[in-house]
Amino acid sequence: MNKKFLKNIIFLLFINLLIKPFWILGVDRAVQNLVGDTSYGLYLAISQFSYLFYILLDLGLTNFNNRNIAQNNQLLSKHFVGISQAKILLTVLYFIVIFVLGWLIGYRGEQLKLLAIVGFNQVLLSFILYVRSNISALLLFKTDSMLSVLDRVLMILICSFLLWSGFVPRENFNIYSYIYSQTISYVITLIIAVAIVLKHTGKLTIRINIPFVIMIIKKSLPYALLVLLMSFYNRLEPVLIERILPEDVAAAQAGVYARAWRLFDAGNNISYLFSVILLPLFAAIIKEKEDLQGLVKQSFSIMLSMTCIIAVLCIFYSRNFMELMYPEFNNNESSTILMILMGSFVSVSVTYIFGTLLTANGNLKHLNIVAACGVVLNITLNFIFIPHFKAIGAAFTSLCVQFVTCVIQFFIAKKIFNLKLGTSFWIRLVAFLVLISLISYVSTTLSLSWLTSFFIAAAVCVIIAFITKMLNYNEIKELVLSSLSHIKK
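Residue 840, in the working numbering, is where the sequence shown stops; the numbers in between run on with no holes.
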């Protein structure tokens with residue numbers, strides 16, 4: 352069982368790290384380069400706005416279903432119909448909310464058209480994740496892993512054909528070509544996922560079960576509120592840039608922000624995958640009332656080492672990355688934004704450790720209060736900074752909000768679990784940060800190509816992580832073995 356689980360985890364991580372960064376940094380970047388900051392910026396703002404309310408499409412149904420079907424496979428046929436009906440009702444609610452609020456904040460004409468298509472794509476994605484929860488609950492892990500990237504693979508194929516095949520004139524490619532390629536990819540993925548589930552459901556009985564739907568939604572509300580609040584303070588910046596600034600610069604500034612945010616998003620995917628592995632591990636250890644100190648310290652140290660190396664290197668090489676990715680643009684603002692967002696990246700990644708720990712312990716009330724404070728702080732600072740500093744102001748707001756919420760979650764977890772990292776840990780952390788910053792700076796002065804200097808600096812930074820004992824081979828091995836043993840239990 353352990354070997355099979357480990358193979359599935361490695362396979363899942365491999366395909367996600369292979370496909371998703373290529374999508375974000377390859378195809379998605381190429382689309383922005385082609386359609387321009389204004390067009391892509393408007394798309395990003397509306398896409399992020401539609402995602403703010405994504406939780407209304409689910410309300411925790413997917414997580415509930417995954418746990419329930421994993422324990423009771425015989426309920427698949429009954430629950431597949433009942434939860435699908437609930438999600439259809441939630442889809443209606445979702446469209447009402449996004450269109451009413453979109454209208455209230457000033458979306459009209461072309462913006463509402465984009466909102467409708469992007470919103471429909473969010474609905475398709477929500478149904479894909481729900482159907483996949485049934486597949487993973489049936490322990491079809493490899494199948495689920497393939498489905499987790501199938502939509503991205505299809506988008507890469509479709510967009511690559513449109514962008515680079517030569518069969519379609521590049522001047523005919525616009526933001527709608529991009530959005531519709533997403534729609535087609537989601538539809539194909541959903542059809543395949545449903546077909547797989549139907550092989551295991553047997554005969555389906557279509558029957559509306561309102562009490563069942565209400566029961567599930569009630570159980571999911573605290574979690575749903577948390578996701579809604581976190582979505583707001585994590586993804587609000589592009590929306591507010593496009594809404595707060597004057598019309599002649601708003602969409603273009605959202606596009607400038609998108610250039611730097613793309614690298615932040617790519618790194619964030621890696622940190623998120625780490626938290627997915629930690630959640631069941633934390634939950635199992637808390638349930639068995641075992642000592643959490645070692646595991647939290649190990650995971651915190653690994654996450655900090657990984658994210659700080661990435662952040663520091665991106666800060667010193669921000670201009671190089673922006674010019675490599677967007678050669679046709681003036682990248683002064685985007686390189687500054689990237690430097691700021693890398694600070695946010697470290698904070699968000701640390702939040703995945705302590706937020707996941709608090710979630711596993713059921714401290715949703717604490718997390719909701721922190722998230723609500725994050726939303727208030729985000730909106731307040733954005734309305735102060737965006738009018739004066741535009742997209743750079745939004746990036747600075749993100750840094751402030753993510754740092755504050757990260758620190759608060761750390762101290763809440765420290766108090767609840769009586770965590771003690773020790774003075775030596777903080778001394779090693781400071782030494783590590785000083786050394787990797789110094790190495791990164793020195794590497795930029797070498798008479799080498801910037802890519803060569805970058806990889807030399809990256810290699811030395813990893814070595815420093817081991818020298819300062821921020822990374823420890825035995826601790827990493829112990830973390831993997833602990834994960835496997837608790838999953839088996």
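Just so it is clear, CB atoms sit at the ideal spot from N, CA and C, and this is done for glycine as well.
Selection from the options that minimises the alpha carbon distance to residue i
i	options	result
tyrosine 402	Ile628, Cys665, Met566, Val448	Val448
isoleucine 530	Ile787, Thr710, Tyr394	Tyr394
glutamate 684	Leu577, Val607, Ile778	Val607
glutamine 399	Ile818, Leu466, Leu455	Leu466
isoleucine 653	Ala396, Ser626, Ala611	Ser626
alanine 605	Tyr623, Met693, Arg586	Arg586
leucine 632	Phe806, Val727, Ile526, Leu646	Leu646
serine 656	Ile787, Ser496, Thr494	Ile787
tyrosine 445	Val469, Gln462, Phe431	Val469
isoleucine 661	Asp502, Phe705, Phe805	Phe805
isoleucine 526	Gly744, Asp388, Gly706, Pro372	Asp388
tryptophan 374	Leu455, Leu508, Leu440	Leu508
serine 337	Val701, Ala603, Ala808	Because the chain spans 352 through 840 in this model, residue 337 falls outside it and cannot be assessed.
threonine 756	Lys766, Lys765, Cys724, Val500	Cys724
serine 650	Leu822, Ile486, Met506	Leu822
isoleucine 542	Ala603, Leu475, Ser582	Leu475
valine 758	Lys648, Ser698, Ala634	Ser698
lysine 741	Ile397, Pro520, Glu593	Glu593
serine 800	Phe672, Gly713, Glu679, Thr552	Phe672
serine 528	Ile595, Ser511, Ser484	Ser511
phenylalanine 321	Phe478, Asn384, Asn712, Leu489	The requested residue 321 is not part of the displayed model; the chain covers only 352 to 840.
glutamine 436	Ile547, Cys659, Leu412	Leu412
alanine 603	Ile370, Asn825, Gly457, Asn384	Asn384
leucine 501	Leu664, Val386, Arg483	Arg483
leucine 772	Gln644, Phe705, Val578	Gln644
proline 562	Ile434, Ile720, Met497	Ile434
leucine 630	Ser669, Asn682, Leu614, Gly706	Gly706
aspartate 495	Asn719, Asn485, Arg503	Asn485
lysine 716	Asp409, Ala575, Ala816, Leu491	Ala575
valine 538	Leu491, Val578, Gln473, Ile366	Gln473
asparagine 714	Ile595, Tyr584, Leu577	Leu577
phenylalanine 817	Leu797, Ala396, Arg779	Arg779
leucine 591	Trp777, Ala810, Ile815, Ile456	Ile456
alanine 544	Asp616, Gly392, Leu480	Leu480
alanine 745	Leu407, Tyr458, Ile595	Ile595
tyrosine 405	Val432, Leu376, Leu441	Leu441
Reduced DSSP secondary structure (H/G/I, E/B, other) of residue i
i	result
glycine 453	helix
methionine 821	coil
aspartate 616	helix
asparagine 769	coil
aspartate 599	helix
tyrosine 608	helix
isoleucine 712	Checking the displayed sequence, the identity of residue 712 turns out to be asparagine instead of isoleucine. Asparagine 712: coil per DSSP, three-state reduction.
tyrosine 458	coil
isoleucine 838	Note that isoleucine 838 has pLDDT 48, beneath the 50 cutoff, so the model's placement of it is unreliable and the number below is only indicative. Isoleucine 838 falls in the helix class under three-state DSSP.
asparagine 353	Bear in mind that a pLDDT of 46 at asparagine 353, under 50, signals an unreliable position, so the number given afterwards is only what the model happens to contain. Reduced to three states, the DSSP call for asparagine 353 is helix.
leucine 799	coil
phenylalanine 404	coil
aspartate 409	coil
glycine 377	helix
glycine 387	coil
leucine 587	coil
Chain D contact for residue i (CB, 9 Å cutoff)
i	result
serine 650	In summary, chain D is missing from the structure at hand, where a single protein chain is found.
Open item on the list: If we require 4 or more residues per run, which alpha helix (DSSP H) segments fall completely within the stretch 620–693?
Closed with: 644–667, 669–676
Open item on the list: My parser needs the alpha helix (DSSP H) runs of 4 or more residues fully inside the stretch 490–557; what are they?
Closed with: 492–515, 526–552
Open item on the list: Check whether the stretch 373–392 and the stretch 566–574 are in contact - that is, three or more C-beta pairs closer than 8 Å.
Closed with: no
Open item on the list: Using a Cβ distance threshold of 8 Å, determine whether the stretch 684–699 contacts the stretch 746–764, with at least three qualifying pairs required.
Closed with: yes
TODO: May I ask you to verify whether the stretch 773–788 touches the stretch 711–731, counting CB pairs closer than 8 Å and requiring at least 3?
DONE: no
Open item on the list: Using a Cβ distance threshold of 8 Å, determine whether the stretch 632–641 contacts the stretch 588–604, with at least three qualifying pairs required.
Closed with: no
TODO: Count the C-beta pairs between the stretch 788–796 and the stretch 735–743 that are closer than 8 Å, then say yes if the count reaches three, no if not.
DONE: no
Task: In chain order, each beta strand (DSSP E) run of at least 3 residues that lies wholly inside the stretch 735–795 - done: none
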